[in-house]
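As they're listed, the protein sequences go chains A and B. So for the first sequence, this note's numbering puts the first residue at 18; every next one is plus one. So for the second sequence, this note's numbering puts the first residue at 329; every next one is plus one. All C-beta atoms in this analysis are idealised placements derived from N, C-alpha and C, irrespective of residue type, glycine included. Have a look at the structure below, then the notes.
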Amino acid sequence: MGTIGEAIRQRRSLLRSGGTGLILNAGLVLLVALFGILLIQRIYDQGASFFLQILAFALANGGIYALIALGYTMVYGIIELINFAHGDVFAFGTFLSASLIPIFGLAEGQAFGPGTALALVVVFVVTMLVCGVLNVSIERIAYRPLRNAPRLAPLITAVGMSFFLEGVLFLWKGPSNVHYPDILPSAGVQIFGATLGVKEVVVLVIAVVLMVALALFVDRTRLGKAMRATAQDRDAALLMGIDIDQTIAATFFIGAVLAGAGGTMFGLYYNTSVFDLGFSAGLFAFTAAVFGGIGNIYGAAIGGMFIGIIRSFWDGYFDSAWTDVVIFAILILTLVFRPTGIMGMRVPEK
Amino acid sequence: MHRRWLSATAILAGIAIVAAACGQAAPSSGGGADKGEIIIASNFPTSGADRASGRGPEAGVAYAVQLNGNIKGFKITHKPYDDAVNGVHDPQKGAQNFTDMVGNTKVLGVVGPFNSNVARATIPVANRASLVMISPSNTNECLTQDFPYCDPKPAALRPTGKNNYFRIAAPDTVQGPAMADFSIDTLKATKVAVWSDNETFGKGVADNFGKRIQAKGGQVVVRQDFDVKSTNDFRPFLQRAKDAGAQAIYAGATSATKGCIPRAQMKSIFTTDIPYLGPDGIGDTQCIKDAGDNATANMYFTNAAAEAAQDPANKALIDDFKAKFTQKEDLGAYTFPGYDCAKILLDAIGRAIDLAGGKMPTRDQVVQAVQDTKGLKLSTGTYSFDKNGDPTSATMAFYQYKGGDWSFVKQFSVGQ
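Set out below in structure tokens:
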């Protein structure tokens, strides 16, 4: 027994130190540098205004990925479950807000004023709350009864929940693309020849505000403390009088609230959705969470941003047929060299 | 043991009765004409949701047969088949229909099928029996032409090695070049950005569009293939196109593969007067929905079917058809292409009868007669066939978005 415990401790400390050696880390840095040189060459050829424009798109993309990734990472952090249904909760958010928009009197092509902005805020809040309640119900129905079951059981119910939600979305709006009303103005301000659109600003500001709010919440509030404690050691937290069920439910709720906001932003920004959106978008958001270091909320935010940036820059400067290949190649390399992801080392799991 | 014999006898008896019934039916139905009966079969999806597509050409065939009930002493009849299962065209059902046609020696030709995947399943069945088939609507290029990406190859669809399949729709390979001509000659857009959904059809039309643009002295300023499952943001591509001076965007995609979503995202990058072009895959209401309020008059698509109504010479014909066929689905985009296919077949059967010395021609003779069709002027174009069974000059129609729907712009013949 002693030797096994010792081995686990060693392994953990190895993971904490974040790498399997100096050479590998150096190799990673070298690859990134090579890619950087190639990119800089292209950027130089295309000019500064194009670069700024792509950067604006990239940050908006990344903000949306980051919001979805946070839900994956929070749930994983607290009960070590990959909530496959999370992507579909996000897709549900796009569908729900698309349906809410006409109800609140918003329509494509109308002038954007304080009234429409207020209505949009209401759409955001309602979508976020409904997504939160949905995710808590999923946890109650499909995950809580299996909390002490073998690891594979809740994993399979998560996959099942994902397909179930996809089926519901399919029945709701059919197999075709769903057009999402274009509410936000297409205008923007000119900065060094690039156009910083209202849409990009809205998406980025909302994403950053929500992420900062989440960080403060987890860091400063009692519930946040309870979440951190539950993530670290559930049994010890229970002994300290923390209501585990409630804390876990709160985690699911907050994760889905962010996904709901992400879904609304996704629709407003891309003007489209589809019933199986949760699969592809969820896959990339999950990738972002792993990339940043799963279980770490700062890692998820950084990972999401990173994937958005790679995607936009690759589409903008290189051959877009290779975009997915590049994203996953970078993921594989990162995990080979740093098994815990970018942020997996510095901050203990949360 | 005893029981098994009994049931076997019963089955045999059943078969005998059916056979006898069939045998009896033959002389009675052939009684109307002097020399016998020739059946023209049609095979379209004519029930359920697909009825909107399939009933039009079926009515066209019925109309053509109605007008030509007797050729050189032979009575001509029309036997319609439905290849829809639960309202959706079904290759398996199509193959069953064709097996039935092949078994009926009076069937000398088939008009159909409507869908390329049904054609793929039915060509071999008809080919083994040298039964000629003419489709008004199949556009998949691999049905007739051999490209490296074709699976199955056209030769594999024709086990006898002899072609029996013809069509009057332009294959997909024609759509891209036709739109390139339109882009340069009519829209005056010589610098274009091209994207595709990276699928066989989409990438094919996009590549062919780009090649023709370059051949005509134009420039493809950006060329991208997307994995549309994971791509939602087309803005980097659009921005790149804009910076490179693109005067038009070509989408090698269908509505199902996000064909018109870039149009909506163009709003904050391009002015709305930049044309957005695509193949027939974007020519539906889904595309209009996806484009949102950026659906403007500068969206165009090509379609491989000619509109008979555009030729004033067809007015009397169409009016007569409307008087005789009054159901809602009877007059569709493919009604007169279907009518023309039947006319080609009837013309060929007439010549085959002559070749057979006034007797019932063989199926091989009919296949040869269709192949020999030369410059036959019909409602949707003038038709001859090359050795693959493709029309030598198919008609390409252009549609433009106008006031909430697609409307016809013009059509012209395109050589290959």
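Close-in-space but distant-in-sequence residues of the same chain around residue i (CB under 6 angstroms, 5 per side omitted)
i: B:M461; result: V438, A454, Y493
i: B:T600; result: T624
i: A:P365; result: Here the model assigns A:P365 a pLDDT of 45, short of 50, so the residue's position is not dependable, and the following value carries that caveat. Excluding residues within five positions, none has a Cβ falling inside 6 angstroms.
i: A:P198; result: I118, E125
i: A:G325; result: A75, N78, G79, Y82
i: A:Q70; result: A211
i: B:D282; result: Outside the modelled stretch of chain B, which goes from 329 to 744, sits residue 282 of chain B, for which no answer is possible.
i: B:G504; result: V533, N536, F537
i: B:R568; result: V550
i: A:V368; result: Because chain A in this structure spans residues 18 to 367, residue 368 of chain A falls outside the shown range and cannot be described.
i: B:A592; result: A619, G620, N622
i: A:T238; result: none
Presumed contact (8 angstroms Cβ cut-off) between residue i and residue j, rounded CB distance
i: A:A83; j: A:V195; result: The Cβ separation is near 24 angstroms, so there is no contact.
i: A:C148; j: A:A276; result: 6 angstroms
i: B:A576; j: B:V549; result: Not a contact, Cβ separation roughly 10 angstroms.
i: B:G660; j: B:N631; result: The Cβ separation is near 13 angstroms, so there is no contact.
i: B:A447; j: B:S458; result: That pair is no contact at about 17 angstroms.
i: B:I677; j: B:L436; result: 6 angstroms
i: A:L13; j: A:D105; result: Any answer about residue 13 of chain A is impossible in this case: the structure gives chain A only from 18 up to 367.
i: B:N491; j: B:F426; result: With a Cβ gap of about 16 angstroms, B:N491 and B:F426 do not count as contacting.
i: B:A688; j: B:A506; result: In the sequence as presented, Ala is not what sits at residue 688 of chain B; that position holds Met. Not confirmed; about 41 angstroms, so no contact.
i: A:N133; j: A:L123; result: The question names Asn, but residue 133 of chain A is Thr in the sequence shown. About 6 angstroms separates the two Cβ atoms, so the contact holds.
i: B:Q614; j: A:S193; result: 5 angstroms
i: B:D525; j: B:A484; result: The pair is not a contact, with the Cβ atoms about 26 angstroms apart (cut-off 8 angstroms).
i: B:E469; j: B:P499; result: 4 angstroms
i: A:M244; j: A:T268; result: 6 angstroms
i: B:G767; j: B:A579; result: Residue 767 of chain B is absent from the model: chain B starts at 329 and stops at 744.
i: B:G279; j: B:G415; result: Chain B is shown only over 329 to 744; residue 279 of chain B falls outside these bounds and no answer can be derived.
Same chain only: Cβ atoms within 7 angstroms of residue i, ignoring 5 sequence neighbours per side
i: B:K730; result: A625
i: B:A423; result: A449, T450, V453
i: A:P171; result: L98, Y160, L163
Any C-beta of chain D under 9 angstroms from that of residue i
i: B:K715; result: This model lacks chain D altogether; the protein chains it does include are A and B.
Residue nearest to residue i in terms of C-alpha spacing, selected from the options
i: A:L98; options: A:T212, A:G53, A:I173, A:I40; result: A:I173
i: A:T212; options: B:L471, B:F726, B:R563; result: B:R563
i: A:I120; options: A:G130, A:A134, A:A317, A:V140; result: A:V140
i: A:G94; options: A:P202, A:L151, A:F335, A:R251; result: A:R251
i: A:M228; options: A:G64, A:I155, A:M322; result: A:M322
i: B:A517; options: B:R679, B:S583, B:Y604; result: B:Y604
i: B:G546; options: B:W523, B:D509, B:P385, B:A579; result: B:D509
i: B:I385; options: B:N491, B:T663, B:A651; result: For the sequence presented, residue 385 of chain B should be read as Pro rather than Ile. It is B:T663.
i: A:L186; options: A:V222, A:V218, A:L87, A:V291; result: A:V291
i: B:V698; options: B:D378, B:L515, B:L683, B:T708; result: B:L683
i: B:S707; options: B:S721, B:Y667, B:G717; result: B:Y667
i: A:N152; options: A:A50, A:D260, A:F107; result: A:F107
i: B:Q751; options: B:K738, B:D733, B:T654, B:G440; result: For chain B, the structure presents residues 329 to 744; residue 751 of chain B sits outside this window and is missing.
i: B:A722; options: B:T654, B:G431, B:I496; result: B:I496
i: A:V215; options: A:F301, A:I208, A:A204, A:I223; result: A:A204
Same chain, Cβ closer than 8 angstroms to residue i, neighbours up to 5 away in sequence not counted
i: A:T351; result: L45, F308, G358, I359
i: B:L704; result: K671, I672, D675, T710, Y711, S712
i: B:D608; result: T467, Q503, F629, T630, N631, A632
i: A:V176; result: F101
i: B:V346; result: For B:V346, the predicted structure reports a pLDDT of 49, less than 50, and the residue's modelled location is therefore unreliable. The matter cannot be settled from this model.
i: B:P487; result: P452, N455, R456
i: A:L231; result: L87, I271, L275, I314
i: A:A128; result: none
i: B:K531; result: S524, D525, D553, G580
ask   = When you check each C-beta in the stretch 515-544 of chain B against every C-beta of chain A, which residues fall closer than 7 angstroms?
value = For the stretch 515-544 of chain B, residues whose beta-carbon sits nearer than 7 angstroms to a beta-carbon of chain A comprise N526.
request  = Using a Cβ-Cβ cut-off of less than 8 angstroms, list which residues of the stretch 209-239 of chain A approach chain B; keep chain order.
outcome  = Listed in sequence order: T212, G214, K216.
ask   = Residues in the stretch 617-630 of chain B with C-beta within 7 angstroms of chain A's C-beta atoms, listed in sequence order?
value = Answer in chain order: K617, D618, G620, D621.
ask   = Can you list, in chain order, the stretches of the alpha helix (DSSP H) that have 4 or more residues and sit fully within the stretch 547-616 of chain B?
value = DSSP runs (the alpha helix (DSSP H)) wholly in the stretch 547-616 of chain B: 563-571, 589-593.
query = What are the residues of the stretch 112-140 of chain A that lie near chain B, defined by any Cβ-Cβ distance shorter than 8 angstroms?
reply = Listed in sequence order: E125, G126.
task = Taking a Cβ distance cut-off of 7 angstroms, strictly less, list which residues of the stretch 543-558 of chain B are near chain A, in chain order.
result = Legend: CB atoms of the stretch 543-558 of chain B lying less than 7 angstroms from CB atoms of chain A belong to residues Q552, D553, F554, D555, K557, S558.
query = Which residues, in order along the stretch 290-306 of chain A, keep a beta-carbon less than 7 angstroms from a beta-carbon of chain B?
reply = In summary, the residues of the stretch 290-306 of chain A whose CB is separated from some CB of chain B by less than 7 angstroms are S297, F301, in the order they occur in the chain.
request  = Any chance you could list the beta strand (DSSP E) runs of at least 3 consecutive residues sitting entirely within the stretch 304-347 of chain A, in chain order?
outcome  = Under the rule that a run must span 3 or more residues, no beta strand (DSSP E) segment is found entirely inside the stretch 304-347 of chain A.
query = Using a beta-carbon distance cut-off of less than 7 angstroms, what residues from the stretch 72-83 of chain A approach chain B?
reply = Residues F74, N78.
key: Chain-ordered residues of the stretch 167-194 of chain A with a beta carbon less than 8 angstroms from chain B   = Against chain B - using a Cβ distance shorter than 8 angstroms - the residues of the stretch 167-194 of chain A are S193, N194.
task = Let me know the alpha helix (DSSP H) ranges lying completely inside the stretch 634-683 of chain B, each 4 residues or longer, listed in chain order.
result = Secondary structure in the stretch 634-683 of chain B: the alpha helix (DSSP H) runs of 4 residues or longer, each lying completely within the stretch, are 643-652, 663-683 in chain order.
inquiry  = Extract the residue ranges of the alpha helix (DSSP H) inside the stretch 678-723 of chain B, only unbroken runs of 4 or more that lie entirely within it.
reply    = Counting only unbroken stretches of 4 or more residues, the alpha helix (DSSP H) elements lying wholly within the stretch 678-723 of chain B are 691-699, in sequence order.
task = Name, going along the chain, the residues of the stretch 588-612 of chain B whose beta-carbon falls closer than 9 angstroms to a beta-carbon of chain A.
result = Listed in sequence order: C588, I589, A592, Q593, K595, S596, I597.
query = Using a beta-carbon distance cut-off of less than 7 angstroms, what residues from the stretch 561-583 of chain B approach chain A?
reply = Within the stretch 561-583 of chain B, D561, R563, P564, F565, Q567, R568, D571 place their CB atoms closer than 7 angstroms to a CB of chain A, listed in sequence order.
key: Every unbroken alpha helix (DSSP H) inside the stretch 73-126 of chain A [4 residues or more]   = With a minimum length of 4 residues, the continuous alpha helix (DSSP H) runs that stay inside the stretch 73-126 of chain A are 103-120.
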